[in-house]
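Peer 1:
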Amino acid sequence: MRVLASNMKVSSASIVLFCVLPLGKAFSPTTHSINNKQLWGQRKVTAEKTALFVLDQDDTATATVQDQLVDSPASIVFYDEVLDDDLPEGVVCARGVCVLQDEDFDFEDDVEDSLKKDESIVDKVLNSYIGPRALLAGASILYGTNFPLGAIMNDALPPSAATSARMDLAALALSPFLFKLNPALSAQALLCGCFTALGYTTQSLALVDVSPATVAFLGAATVIVCPTLEAIVNKKPMSLRDAPQTWLAATLCIVGVGILELYDPTGAGLEVGWGDVLSLLQAVGFGTSFFLTERMMRGQPDQALPITAVQVSTTALICMLWCLADGWIGQPGSESFALQTLFFDPSIRTAALAVAWTGLITTAMNRFIETTALGKTSSAEASVILATEPLWAALFAALWLSQDFGINDYVGGALIVTACLANTLKPSDFSQFFENKEEGELKP
2 MRVLASNMKV
12 SSASIVLFCV
22 LPLGKAFSPT
32 THSINNKQLW
42 GQRKVTAEKT
52 ALFVLDQDDT
62 ATATVQDQLV
72 DSPASIVFYD
82 EVLDDDLPEG
92 VVCARGVCVL
102 QDEDFDFEDD
112 VEDSLKKDES
122 IVDKVLNSYI
132 GPRALLAGAS
142 ILYGTNFPLG
152 AIMNDALPPS
162 AATSARMDLA
172 ALALSPFLFK
182 LNPALSAQAL
192 LCGCFTALGY
202 TTQSLALVDV
212 SPATVAFLGA
222 ATVIVCPTLE
232 AIVNKKPMSL
242 RDAPQTWLAA
252 TLCIVGVGIL
262 ELYDPTGAGL
272 EVGWGDVLSL
282 LQAVGFGTSF
292 FLTERMMRGQ
302 PDQALPITAV
312 QVSTTALICM
322 LWCLADGWIG
332 QPGSESFALQ
342 TLFFDPSIRT
352 AALAVAWTGL
362 ITTAMNRFIE
372 TTALGKTSSA
382 EASVILATEP
392 LWAALFAALW
402 LSQDFGINDY
412 VGGALIVTAC
422 LANTLKPSDF
432 SQFFENKEEG
442 ELKP
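Quick note: the sequence shown uses our numbering, first residue 2, plus one each step.
(1) In angstroms with no decimal places, state the Cα-to-Cα distance between Leu375 and Leu306.
(2) What ranges does the alpha helix (DSSP H) occupy inside the region 144 to 202, keeping only unbroken runs of at least 4 residues that lie completely in it?
(3) So, helix, strand or coil for Ala95, using DSSP?
(4) Please check the pair Leu136 and Thr373, which I expect to be a contact at CB under 8 Å, by giving their CB distance rounded to whole angstroms.
(5) Is the region 131 to 145 touching the region 359 to 374 in the sense that three or more CB pairs, one from each, lie closer than 8 Å?
(6) What runs of the alpha helix (DSSP H), each 4 residues or longer, lie entirely inside the region 314 to 397?
(7) Using CA atoms only, rank isn't needed, just tell me which of Val273, Ser380, Thr215 and Thr389 is closest to Gly151.
(8) Pull the bridge partners of Val450 from the DSSP assignment, please.
(9) Quick check on Ile233: buried or exposed, where buried means 16 or more other Cβ atoms within 10 Å of its Cβ?
(10) Where Ser240 and Leu230 are concerned, what is the direct C-alpha to C-alpha distance, given to the nearest angstrom?
(11) Per DSSP, what kind of secondary structure is Glu295 in: helix, strand or coil?
(12) Let me see if you follow: with CB-CB separation under 7 Å, is Cys195 close to chain C or not?
(13) To the nearest angstrom, how far is the alpha carbon of Ala198 from that of Ala317?
(14) Going by alpha carbons, who is nearest to Ala326 out of Val93, Tyr144, Val123 and Ser165?
(15) With H, G and I counted as helix, E and B as strand and the rest as coil, what does DSSP make of Lys125?
(16) DSSP on Arg134, reduced to helix/strand/coil?
(17) When the Cβ atoms of the region 185 to 205 are set against those of the region 336 to 344, are three or more pairs found closer than 8 Å?
(18) In three-state terms, what does DSSP make of Asp85?
(19) Would you mind stating whether Thr449 and Phe397 have Cβ atoms separated by less than 7 Å?
(20) If Cys254 and Ile362 are in contact, beta carbons under 8 Å, what's the gap, nearest whole angstrom?
Below is the structure:
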């Protein structure tokens, strides 16, 4: 199996190139021409707004608006495209997924509303305070099982076969949503699917040589990838004053990765290999996918599941090509690796069950749970809850695989998770620091 894995790393390079080359209009920055009516008339403002206007080469006014407080607690803040005329109010975004907040949901009256007699049990759970947050926590826990189960699948199957079977099942489960995709989003969704495939394939390959907990922690480096793309593509201001939470998160993440990878408490010497590189490349794939997905969904948040269906289907197609390029098809003993025969071979039954779990539960069903619960919470709360995914991955790796952790795993992992939490803060949370600094500079 190790020989197969090494061959797969070579063939995965074609996947990386396939995903990166099609970059085009999906990454072209957009500007919005606005006037006072558009800026102040589209939303009900209950507190003061601050707008920064910049003239581009065509003397078009581009604005970055900070909503201090708006009617919907889940409104998008600190994002240039908030001025998009087609952007609805009450959009909730977390980790690349955006949905419309439930218009009938009131955070202050959620307990009272949940007691209405005409509501079903499901509605009562979703309209309660605990319900949607518990669903998001459950989704984070389920996501955490992907990493140790991925290692288990790789022990019995070639990574390409395991990932392909998993994505085939997920694509089949989500296929009804494919026909609901807005045709205008087709090209962007396909490009996004290529980066999603990059994330899944590199994750699977990394799990051959790297512990599941380390792969999960390094995958959380998306906390750096997404803001970087926002700065480059969306031209979003990223100075220390404009986005202090991003700089804090990036610093914590870089230090965490450094401790995780460069510090060896046993003194046996550093062993940074291809698995570690692939783990970080996983963050690039998923981070870019999150960025593109959120970019599409901010304008059309009702397209969450159709876009997900396209991403998973595209990943399934690329994984099929990966299997063909991998060379195991037609080899003796490979007959059981195909999806149609996978569940009938007793020798790989555990791996088959892991494929079914990761395909149907943690990929297809989990995304449905996530999009449902996001409509009932704020973006900040959802991001904090979902940031616990690497911790659950480490816990399951310890329970199922008896993985041992060193001091570098604890410290580095804690810093990376803290970076994810820090990224949920708002620039206004740091205003006191900058005010004190300005006062100190003004004193003679």
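The beta carbon of each residue, even a glycine, is placed where N, CA and C say it ideally should be.
Peer 2: Let's see:
(1) The residue given as residue 375 occupies position 374 in the sequence shown. The residue given as residue 306 occupies position 305 in the sequence shown. Rounded to whole angstroms, Leu375 to Leu306 spans 13 Å at the Cα level.
(2) You should have 147 to 157 and 160 to 175.
(3) On the sequence shown, residue 95 is found 94 positions in, with the first residue counted as 1. Of the three classes helix, strand and coil, the one that applies to Ala95 here is strand, per DSSP.
(4) On the sequence shown, position 135 is the one that residue 136 refers to. On the sequence shown, position 372 is the one that residue 373 refers to. At roughly 7 Å, the Cβ-Cβ gap stays under 8 Å, so Leu136 and Thr373 are in contact.
(5) These segments touch.
(6) Segments of the alpha helix (DSSP H) lying fully in the region 314 to 397: 340 to 343, 350 to 357, 367 to 375 and 380 to 387.
(7) As a first step, residue 151 is located in the sequence shown; it is residue number 150 there, counting from the start. It is Thr215 whose Cα lies nearest to the Cα of Gly151.
(8) Since the first residue of the chain shown is 2 and the last is 445, residue 450 is not available in this structure.
(9) Counting from one through the sequence shown, the residue named residue 233 turns up at place 232. Burial call: exposed.
(10) Working through the sequence shown from its first residue, we reach residue 240 at position 239. Working through the sequence shown from its first residue, we reach residue 230 at position 229. Roughly 14 Å separates the two Cα atoms.
(11) Within the sequence shown, numbered from 1, the residue matching residue 295 stands at position 294. Three-state DSSP puts Glu295 in a helix.
(12) This model lacks chain C altogether, as it is built from one protein chain only.
(13) Reading the sequence shown from its first residue, position 197 is the one you call residue 198. Reading the sequence shown from its first residue, position 316 is the one you call residue 317. If you draw a straight line from the Cα of Ala198 to the Cα of Ala317, it is about 8 Å long.
(14) Taking the sequence shown and counting its residues from 1, the one referred to as residue 326 is at position 325. For Ala326, the closest C-alpha among the options Val93, Tyr144, Val123 and Ser165 is that of Ser165.
(15) Within the sequence shown, numbered from 1, the residue matching residue 125 stands at position 124. Look at Lys125 here: in three-state DSSP terms it is helix.
(16) As a working mapping, residue 134 is identified with position 133 in the sequence shown. Here Arg134 sits in helix by DSSP.
(17) Judged by pairs of C-beta atoms under 8 Å, the region 185 to 205 does not touch the region 336 to 344, as fewer than three such pairs exist.
(18) On the sequence shown, position 84 is the one that residue 85 refers to. Reliability fails at Asp85, whose pLDDT of 38 lies under 50, so the model's placement of it is uncertain and no value is given.
(19) Residue 449 is absent from the structure shown; the chain starts at 2 and stops at 445.
(20) Here residue 254 corresponds to residue number 253 of the sequence shown, with the count starting at 1. Here residue 362 corresponds to residue number 361 of the sequence shown, with the count starting at 1. In fact, because the Cβ distance is near 29 Å, the residues do not count as touching under 8 Å.
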